[in-house]
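Mapped onto mature numbering (1 follows the signal peptide of the UniProt record, and there is no 0), the consecutive letters of the sequence shown carry residue numbers -23 to -1, 1 to 86.
Even for Gly, the Cβ is constructed at its ideal location relative to N, Cα and C.
All of these numbers come straight from a predicted model, not from anything done at the bench.
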Amino acid sequence: MHDRMRYAALLAASTLAVPSAMAADLFQGTLARVDAQWVLVRCNALKTRYRLVLPASEAGRFDAAWQAGAGTVQASLLARASADAGGYRLNVESVRALAPGSCHLEDLP
């Protein structure tokens, strides 16, 4: 019985020491429209693509920035990433910044 208590205490302590896998993080990339869905193409060598799940209040802001930026917009998002049917999804908590242009090196003039 004593070993079970020690095991339970060790297990509880180890779960407290590990940061949450669901913590929000900052994601930066270029926005793209795929059908009617917003996608963030991350500013990394792999150009990781994330399907965006936006708060209702932000969808109009993305549309306006897209039109003003002639279809190329950089975004900085506070979001939680998760796997989604062979890809990735970002559950966006807040939009930190939107700016015209691309963050990808090959798009620089």
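Rounding to the nearest angstrom, what Cα-Cα distance links ASP84 and THR49 in this structure? Numbered from 1 along the sequence shown, position 107 holds the residue referred to as residue 84. Numbered from 1 along the sequence shown, position 72 holds the residue referred to as residue 49. Those two C-alpha atoms are separated by around 10 Å.
List the DSSP bridge partners of ALA74. For the purposes of this step, residue 74 is identified with residue 97 of the sequence shown, where counting begins at 1. Answer is SER53.
N-terminal and C-terminal residue of the beta strand (DSSP E) that GLY37 is part of: Position 60 of the sequence shown, counted from the first residue, corresponds to residue 37. Premise fails: GLY37 lies in the alpha helix (DSSP H), 36 to 45, not in any beta strand (DSSP E).
Quick check on the DSSP output: the beta strand (DSSP E) that includes GLY6 runs from which residue to which? Against the sequence shown, residue 6 aligns to sequence position 29. Unbroken beta strand (DSSP E) run through GLY6: 2 to 11.
Between VAL16 and the rest of its own chain, which residues show a CB-CB distance below 8 Å, the 5 nearest in sequence each way excluded? Along the sequence shown, one-based indexing puts residue 16 at 39. Within the same chain, VAL16 has close Cβ partners LEU8, ALA9, ARG10, ARG26, TYR27, ARG28, LEU29.
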